[in-house]
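So for the sequence shown, our numbering puts the first residue at 61; every next one is plus one. The structure under discussion appears below in the form of structure tokens.
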Amino acid sequence: MSPPPWTTPAQTEWLVSKKETCQDARDKGRYSSWLLGVYHDFFIKWPESDVLFPEKQVSSLTEEEKKMLTMAEEKRRTQIARWFQNHNSPSRVAHAAAAQLPREVFASGKVKRAPQLCEVYMDMCYDAPKKASVAARLQQDRIQYGRKLTRAETMSLTRQYVNQLFAAEPKNVRTAVAVRHAEEKTLHTAPMPKPTNERTPIDYQRVKCLIHNFHSAINAAPGWIEWIIAPVADMCGWCITVTAVGPNPEAGGDITSFA
Numbered sequence: 061m062s063p064p065p066w067t068t069p070a071q072t073e074w075l076v077s078k079k080e081t082c083q084d085a086r087d088k089g090r091y092s093s094w095l096l097g098v099y100h101d102f103f104i105k106w107p108e109s110d111v112l113f114p115e116k117q118v119s120s121l122t123e124e125e126k127k128m129l130t131m132a133e134e135k136r137r138t139q140i141a142r143w144f145q146n147h148n149s150p151s152r153v154a155h156a157a158a159a160q161l162p163r164e165v166f167a168s169g170k171v172k173r174a175p176q177l178c179e180v181y182m183d184m185c186y187d188a189p190k191k192a193s194v195a196a197r198l199q200q201d202r203i204q205y206g207r208k209l210t211r212a213e214t215m216s217l218t219r220q221y222v223n224q225l226f227a228a229e230p231k232n233v234r235t236a237v238a239v240r241h242a243e244e245k246t247l248h249t250a251p252m253p254k255p256t257n258e259r260t261p262i263d264y265q266r267v268k269c270l271i272h273n274f275h276s277a278i279n280a281a282p283g284w285i286e287w288i289i290a291p292v293a294d295m296c297g298w299c300i301t302v303t304a305v306g307p308n309p310e311a312g313g314d315i316t317s318f319a
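As structure tokens, then:
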């Protein structure tokens, strides 16, 4: 039996969304610098300190705890790098990166926590100018301290600066982020529907609501299936084919299929 994945569903979606830029970075010979940026963004969204010491601030960690945090972050970097090495198939990028897996796929798993407001803001608004602004402030901090910042300091300061950027946004932007954040929290805290063969009519309607409509789900399905099956095929060294058949609303309810 293969070991369980180290990623949460949200982390896997995020990594998959980076595959296209990963391939571009490889093609242009800047993969190493690209990967450093991925590490940085990953730890901003999912600080390793939240996993090891969820009740403590990084500034209050003991020297021993800081060593543990440094080792954990280094292990996570290795896992991220290996993930991109194992998922470097250009043929999968277009389909898998475009398909966001529905939460029902992970009904038997556990999602540790809903995204924080800062994370939602980064997903929606953290563009290149904002990244450059934060990078400039971190450079000022390095000059002020007269030394290189530790990884923990970099993560902590970056989150602080991102929160400040959010606070300075116009009210309509902050409202849009807050609405999205509330939706994400609701989706993470709502009870999961039962497996397909045990769903009640209420469960069924809830799934329809989450997926939004069958048409978009059918269009996204090949990407979802590719996302799930491709790693299994890689591990087994097999060629796996999936055939799906069912009524298609776009075709007036006629039976269609894809493989």
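Cβ coordinates follow ideal geometry from the N, Cα and C atoms, glycine included. Fair warning: this is a prediction, and the values are worked out from it, not measured in the lab.
Backbone CA spacing between residue i and residue j [nearest angstrom]
{"i": "TYR205", "j": "TRP106", "result": "26 Å"}
{"i": "GLU73", "j": "LYS79", "result": "10 Å"}
{"i": "VAL305", "j": "TRP284", "result": "15 Å"}
{"i": "THR68", "j": "PRO175", "result": "12 Å"}
{"i": "ARG211", "j": "TRP66", "result": "21 Å"}
{"i": "MET182", "j": "SER93", "result": "20 Å"}
{"i": "LYS88", "j": "ASP101", "result": "21 Å"}
{"i": "LEU95", "j": "GLU286", "result": "24 Å"}
{"i": "PHE144", "j": "CYS82", "result": "8 Å"}
{"i": "GLU213", "j": "THR138", "result": "20 Å"}
{"i": "ASP314", "j": "SER77", "result": "33 Å"}
{"i": "CYS299", "j": "ALA293", "result": "6 Å"}
{"i": "ARG86", "j": "MET131", "result": "27 Å"}
{"i": "PRO189", "j": "PRO307", "result": "46 Å"}
{"i": "ALA290", "j": "LYS135", "result": "24 Å"}
{"i": "MET215", "j": "THR235", "result": "25 Å"}
{"i": "GLY97", "j": "CYS296", "result": "32 Å"}
{"i": "ALA192", "j": "PRO230", "result": "20 Å"}
{"i": "ASP84", "j": "LEU75", "result": "15 Å"}
{"i": "VAL118", "j": "ALA281", "result": "42 Å"}
{"i": "ASN146", "j": "THR246", "result": "33 Å"}
{"i": "LYS127", "j": "ASP110", "result": "15 Å"}
{"i": "MET184", "j": "VAL233", "result": "10 Å"}
{"i": "ILE278", "j": "ARG219", "result": "38 Å"}
Coil, strand or helix - residue i by DSSP
{"i": "GLY206", "result": "coil"}
{"i": "VAL305", "result": "strand"}
{"i": "CYS178", "result": "helix"}
{"i": "TRP143", "result": "helix"}
{"i": "CYS82", "result": "helix"}
{"i": "TYR221", "result": "helix"}
{"i": "THR122", "result": "coil"}
{"i": "ARG136", "result": "helix"}
{"i": "TRP287", "result": "helix"}
{"i": "GLN117", "result": "coil"}
{"i": "CYS299", "result": "coil"}
{"i": "TRP74", "result": "helix"}
{"i": "TYR99", "result": "helix"}
{"i": "TRP106", "result": "coil"}
{"i": "GLU243", "result": "helix"}
{"i": "TYR91", "result": "helix"}
{"i": "GLU230", "result": "What sits at residue 230 in the sequence shown is Pro, not Glu. Looking at PRO230 - three-state DSSP - the assignment turns out to be coil, as it is neither helix nor strand."}
{"i": "ASP187", "result": "coil"}
Residues that DSSP places opposite residue i in a beta bridge
{"i": "THR67", "result": "Bridge partners of THR67: none, in fact."}
{"i": "THR316", "result": "GLY306"}
Anticipated Cβ contact below 8 Å, residue i with residue j, distance rounded
{"i": "VAL222", "j": "TYR186", "result": "7 Å"}
{"i": "LEU177", "j": "VAL237", "result": "7 Å"}
{"i": "LEU129", "j": "GLU108", "result": "6 Å"}
{"i": "GLU133", "j": "PHE103", "result": "7 Å"}
{"i": "VAL180", "j": "HIS241", "result": "4 Å"}
{"i": "THR301", "j": "SER317", "result": "So it is not a contact: roughly 12 Å between Cβ atoms."}
{"i": "ILE140", "j": "TYR99", "result": "6 Å"}
{"i": "ASP201", "j": "LEU217", "result": "6 Å"}
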